[in-house]
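So the sequence shown is numbered by this note's numbering: it starts at 1 and just counts up by one. The C-beta atom is built at its ideal place from N, Cα and C for all residues, glycine as well.
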Amino acid sequence: MPVDKNQIIEKDKVVVEGIELTAEWNRMFAQRTVSNYDDSLMDQLTSIEGAESLGWCYQCGQCVPVCPVDAVGGDYGPRKIYRKVQQGINLLEDPDLWKCTTCSNCLRVCPKTVNMVEIMPALRGEAVMEGLDVPEELQEAFENTFEYGNPLGESQRKRADWVKETGSNVPIMKEIKRPVDVLWFVECYPSYHARGKEASAALARILNALGVDFGILGTEEKCSCDSQRLAGEQGLFEEFAEANIKTLGKYKFNKILVTDPHALNALKKEYPKYGGEYEVVHYTTFLAPMINQLEFKKTLNYKVTFHDPCYLGRHNGEYEAPRQILQALPGVELIEMGRCRQDSYCCGGGGGGMWLDGFMADHVQERLSENRVREAVETGAEVLAVCCPYEVSRFEDAVKSTGNEGKLIVRDIAELIVEAMG
Ligand code: SF4
Ligand code: SF4
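Below is the structure:
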């Protein structure tokens, strides 16, 4: 039923569209109706394309307990943001603009489909276009991407150097000059970051052991740019999407394999808008049905807990494949954390958070990755298994900063498979 903005609510509770609203909501709603808020700022922000749904919030509060930023003292979530804008705080010039990791947990529970995954890129994009302050670390990641093709600021010429360190056969498309079954889109962190490269080497060994016919783009590949898009750089994203689509158009393949859930999101959901239509699979989805074809020589004897990446789980619906793989490894006992699957907590790296650690430290009581590591340790697990290249380094840092060295190790699922292969 539509809410009458001019209605003053006198009862303790009211049911709107099947949702029982709280007494606090009633007080706030009544306060709003009698104090004549100036709606012009809300109207200005919600007129920006993509940000419309911010105005749909009716303050039911269901998003508050699921927001990972609020959980670490960030005073956050769409309900609070709506309220601040209502009180005249201009989000475009406020630190709150940059705290959201676009984890999508609020959207999961919101009865009004207030969508921060669309609101945040739209408002951040507006701030970028207006030349307003962008946190320094994020600006550096944008500039690195623009200049070097990756947010780490590494040389494009070295994008395939990790291949030399693997000891495995990793065919490069422009060298082999033939169609392949699987085009592996490696992405930036698995190409350049020390821990990412170790996971890439592990995956290369697994693909070879399974006899997969694959190739990579090597130095022709550029960042998928999904996190930059979510952080407000739509223009950069479009430029990179078009470049990658053009490169992919040069080669013949049946499907694209990705290591990174952020690349999965970009190639599966965003690239089709620019003419790039592909079958795209995350490596866990690809490997799960074949996992029993591998020969395991070592029993791991680990208690393992698994962190669902936001962009694999909530954003792209894959919860089972990583678990199927872990449970197929000899000796692994899988223990779930309380916040798992659809309700999984966030590592803090999405939506540009990967490049905002210093900024976040000034605005929350502990990093999201630290909060998650504490939860993993509480399960009694010895290994925190991950399958997103942002997570290995984030969680390893958090293991150190929370004083849990020696209690918990962080491993990519590909690394655990290779360890079991012996
Ligand atoms: S954003 Fe959605 S869940 Fe949160 S308070 Fe508003 S209507 Fe309720
Ligand atoms: S998308 Fe995630 S981080 Fe952003 S407001 Fe919603 S729950 Fe909080």
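- Of the other Cβ atoms in all chains shown, fewer than 16 fall within 10 Å of the Cβ of G422; this residue is therefore exposed.
- Per the coordinates, the alpha-carbon of D213 lies some 42 Å from the alpha-carbon of E378.
- The alpha-carbon of D412 is positioned some 45 Å away from that of L41.
- Separation of L97 and F359 (C-alpha to C-alpha, rounded to the nearest whole angstrom) is 12 Å.
- Look at A385 here: in three-state DSSP terms it is strand.
- Just measuring C-alpha positions, the residue of A71, G153, L248, T305 sitting nearest E137 is G153.
- The C-alpha of N244 lies about 22 Å from the C-alpha of Q139.
- With 16 or more other Cβ atoms from the protein chains shown falling within 10 Å of its own Cβ, R79 counts as buried.
- About 7 Å separates the CB atoms of R339 and E375; that is less than 8 Å, so the two are in contact.
- Secondary structure at T284: helix, using DSSP grouped into helix, strand and coil.
- Between the region 122–134 and the region 382–392, the count of C-beta pairs closer than 8 Å stays below three; the two stretches do not touch.
- Remark: the C-beta of V304 is outside contact range of ligand 1, defined as less than 7 Å to any heavy atom.
- Secondary structure of D213 (DSSP, three-state): coil.
- Taking C-beta atoms under 8 Å as the contact rule, M120 and T145 fail to qualify, at a distance of about 18 Å.
- Distance from the Cα of G232 is smallest, within the candidate group A263, M116, V332, for M116.
- Boundaries for I176: no beta strand (DSSP E) harbours it, while the alpha helix (DSSP H) harbouring it runs 173–176, taken from the DSSP string.
- In the three-state DSSP reduction, F296 falls in the coil class, being neither helix nor strand.
- Straight across, the Cα-Cα distance linking T259 with K252 is about 20 Å.
- Going by DSSP, T305 is part of no alpha helix (DSSP H) but of the beta strand (DSSP E) stretching over 302–306.
- As the crow flies, the alpha-carbon of L294 is around 27 Å from that of H262.
- Of the heavy atoms belonging to ligand 2, at least one sits nearer than 7 Å to the Cβ of N105.
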